[in-house]
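For reference, each letter of the sequence shown is one residue, going 425 to 1063 in this note's numbering.
Glycine included, every Cβ here is placed at the ideal spot set by N, Cα and C.
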Amino acid sequence: MSYGYTGKILRVNLTSKKIEIETPDDNFYRSYMGGSNIGLYYLLNELKPNIDPLSPDNIIVISSSIVTGTPSPGFSRFNVAAKSPLTGCFGEGQAGGFFGPELKFSGYDAVVIKGKAKSPCYIYIKDEKVKIKDAKGLWGKDTKETQNIIRKENNDSKIRVLVIGKGAENLVRYACITTDLNHAVGRNGIGAVMGSKNLKAVAVRGSTKVNIKDMGIIREANKYFREHQEKNEPTVNLKVYGTAGFTKGNNMDGQLPSFNFQTGYFKDAENLYAEKFASDAFIRKEGCYGCPVKCKKIAKTDGKFTNDPDFGSPEYETITSFGSNCGISDMEAVIYANELCNKYTIDSISTGSAISFAMECFENEVLTKKDTDGLNLRFGNAEAMIEMIEKIVNREGLGDILANGVKIAAEKIGKGAERYAMHVKGQSLPYHEPRAKAMLGFAYAFSPIGADHTLVDHDPLFDFNAPQVFLDEIKTFGLLDKLESTSMGEKKVRMFCYLQNRCSFLDCLCLCYYAFSPAYIFKMKNVVDIISAVTGWGISLWEIMKIGEKRINMAKCFNAREGIDIKDDVLPDRIYEPLESGARKGDKLDRVEFKYSQMLYYRMRNWDSRAIPTKAKLHELDLGWVIGNLEACGVELSL
């Protein structure tokens, strides 16, 4: 008997309407464990290289993991993978909520979706029974309308719906997917891939719980979490403010991206602080399956920008995206911008980045009112920001250009606009300042999915101002020294390698960072104990670290097939220029030192000078099968 996973993977071909069930053996699950790794396995094996990401040839893989649905905090997440229409790289996103566990409860560990439907449809899964249902009447409707109609049509208010809105239907290249209206599979434009397939939603409902080998250990872990949640300061802050609580500290420390990353300080940021949100707008708390923290804050405003609270309130990234990085201090405008992103399914990070990019272009007369249809698109103009979101969603005027992401938009606009495009591999920088966190700069530049803030633990957790308990937690990896947040030396590169593996296995096991970070409650011992208790496998820390390393190498191999290598592992020039104001005024990354660290990182990874894994590394990770895959695509590998 298998524990933790169902042993069934659903395959749906939208073109032929063929539905099949695959039953991998136990070794498959132990080799890849789930999440990102399952997505990569199917994409590397079955997706042809160099396809158009918005063609029927692309493949979507929705996957849980061997521990998803465990009744414990942090086990709610799921992964969606495809070739990204934004970057042309391996693309993926994760979300929490209840969809991932519900997919497992319905009888499947993953869903592999191919082809394109002739007309809009949705996939309905209930206790292993699968139907492809007509969605012509849903096309053009927002996420809330769609969710309500699907639940009513199937006479079940508890159906979990993974859904796209108008932004994804109109193939905005950074379109996302939402579930429960405010949990977004946000980055890489995976929503546009769903839109290109005429797939409006995937709806799931299940009644079978996860088989667990040793429920006693799970109960002990839950008890440990409950006993420590009020003693752990970062968790307490999440309970009170959600991730919005990061805004004040980042601004005071001079690392709150503002005015399109020109500075790390926003003098009007007080209106965006979590304390302001909590007193003026929060009305209730929501959370994810099995978690008592309830870090999702629900906001309601009744001013100029009245919002629907069912779409939630903005996380830290969204506050910065539509707030300080656009020079806007209007809290209600930011809340409403968040609603539009969740309603129409566009990534809030990339949307705000596209608008702040356009604002800087406008300020420098690269764009004029003729280009903006008369909008005064200057930093600080909240009304113009809201109107530009609508234009992006509907691909109208300048919005049609910005809907392609800042890289393509800058190329189309020309006239030096590339200088203002803050991206890596076409994906906009998240709102954490790499000039204050060098290891995060590594993560942005070397990431196979483009700039992303969840690829490594952030440097301040382990610098000389950090609590000793954080460093004690990573001593289990052999990381013994505190290091300056801005350092880029050999020890920092080594720390990055190990912590990148750590964060990578979180994405394979679909674990929540805010349950399993060194700063939060569950420690590495808890991770190992819980996985072993669920599966009965006797997992070791070594094994799950290698699972994380496997993911990083598989993603690099996927990109190598697409011609993406060292030339694409670069940061925007602005990151090598000093911050203009705030507590970190003058801080910048040193270009020469960064390049040295980059080459050292490749050597530590056993990659060649093109940033492609060697044959030896792939064999060491039991990925020998990938070698033939790459060579068939014309990629020559070093030994």
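Asked: DSSP three-state assignment for Lys647, whether helix, strand or coil; Found: helix
Asked: Between the CA atoms of Lys633 and Phe529 - distance to the nearest angstrom; Found: 5 Å
Asked: Candidates Leu1003, Lys624, Ala875: closest to Cys545 by CA position; Found: Lys624
Asked: Touch test, the region 879-895 against the region 719-731, Cβ-Cβ under 8 Å, three pairs minimum; Found: no
Asked: Sequence-distant residues of its chain with Cβ nearer than 7 Å to Asp883 (five each side left out); Found: Lys861, Ala862, Met863, Leu864, Ser909
Asked: Counted within 10 angstroms of its Cβ, other Cβ atoms place Asn579 as buried (16 or more) or exposed; Found: exposed
Asked: CB contact flag (Tyr488, Cys936, <8 Å); Found: It is worth fixing the name first, because residue 488 is Ser in this sequence and not Tyr. Against a cut-off of 8 Å, the Cβ pair of Cys936 and Ser488 comes out as no contact.
Asked: Cβ separation of Leu1054 and Arg985, assumed to be a contact under 8 Å, to the nearest whole Å; Found: 6 Å
Asked: Straight-line gap, Glu820 to Met812 (C-alpha atoms, nearest Å); Found: 9 Å
Asked: Cβ distance (whole Å) where Ile484 is taken to contact Val596 below 8 Å; Found: That belief does not hold up - the Cβ atoms of Ile484 and Val596 are roughly 17 Å apart, past 8 Å.
Asked: Rounded distance between the beta-carbons of Thr494 and Ile642, thought under 8 Å; Found: 6 Å
Asked: Bridge partners - Val554, DSSP secondary structure assignment; Found: Ile549
Asked: Completely contained alpha helix (DSSP H) runs for the region 483-556, where each covers 4 or more residues; Found: 523-529
Asked: Classification of Leu904 by the beta-carbon crowding that lies within 10 angstroms, buried from 16 upward; Found: exposed
Asked: Residue of Ala1056, Phe940, Phe886, Gly524 minimising C-alpha distance to Asn503; Found: Gly524
Asked: Distance between Phe746 and Pro1002 (C-alpha atoms, nearest Å); Found: 23 Å
Asked: Which of helix, strand or coil DSSP assigns to Val880; Found: coil
Asked: Closest residue to Glu814 among Tyr1026, Asn594, Lys991, Ala668 (Cα-Cα distance); Found: Asn594
Asked: Nearest candidate by alpha-carbon position, reference Leu764, set Ile810, Leu930, Glu741; Found: Ile810
Asked: Between the CA atoms of Ala833 and Lys825 - distance to the nearest angstrom; Found: The amino acid at residue 825 is misidentified as Lys; the sequence shows Ile. Distance between the alpha carbons of Ile825 and Ala833: 5 Å.
Asked: Candidates Gln686, Asp551, Ala705, of which the one nearest Asn695 by Cα; Found: Ala705
Asked: Cβ distance (whole Å) where Thr775 is taken to contact Ile837 below 8 Å; Found: The Cβ separation is near 17 Å, so there is no contact.
Asked: Rounded separation between Glu710 and Ala668 - CA only; Found: 14 Å
Asked: Inter-residue CB distance, Val830 and Ala845 (contact presumed, cutoff 8 Å); Found: 4 Å
Asked: Test item: CB-CB of Leu438 and Lys621 under 8 Å; Found: yes
Asked: Met978 burial status per 10 Å Cβ neighbour count (16 or more: buried); Found: buried
Asked: Which of helix, strand or coil DSSP assigns to Arg1027; Found: helix
Asked: Collapsed DSSP secondary structure at Arg611 in the structure displayed; Found: coil
Asked: Residue from Cys513, Val535, Gly1048, Gly962 with nearest C-alpha to Gly613; Found: Cys513
Asked: CB contact flag (Gly517, Gly610, <8 Å); Found: yes
Asked: CA-to-CA distance, Ala693 to Ile583, given in whole angstroms; Found: 39 Å
Asked: As assigned by DSSP and simplified to three states, the class of Glu820; Found: coil
Asked: Where the beta strand (DSSP E) through Val1050 begins and ends; Found: Taken as a continuous stretch (DSSP letters only), Val1050 belongs to no beta strand (DSSP E), being part of the alpha helix (DSSP H) at 1048-1056.
Asked: Rounded separation between Lys915 and Leu885 - CA only; Found: 15 Å
Asked: Start and end residues, alpha helix (DSSP H) containing Asn925; Found: 914-933
Asked: Cβ shell of Asp931 (< 7 Å), same chain only, five flanking positions each side left out; Found: Gly459, Ser460, Asn503, Gln518, Arg975
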